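Notes follow the structure.
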């Protein structure tokens, strides 16, 4: 969770943090498609 917190407090997130965020969004989208 610390990486997520840093992601939102910084203007330019690291590429690793972006990948984490992308992965979370992708999994959320997949769950919504199943409904």
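In this note's numbering, the protein residues as written are 185 to 219.
For glycine and all other residues, C-beta sits at the position ideal for the given N, C-alpha and C.
Given the structure is predicted, the values throughout are model-derived calculations rather than measurements.
Under 9 angstroms between C-beta atoms of residue i and residue j
i           : j           : result
residue 205 : residue 188 : yes
For residue j and residue i, the rounded distance between their alpha carbons
i           : j           : result
residue 156 : residue 202 : The requested residue 156 does not occur in the structure, where the chain is confined to residues 185 to 219.
residue 214 : residue 199 : 22 angstroms
residue 193 : residue 186 : 11 angstroms
residue 217 : residue 211 : 10 angstroms
Helix, strand or coil at residue i according to DSSP, with G and I counted as helix
i           : result
residue 206 : helix
residue 198 : coil
residue 219 : coil
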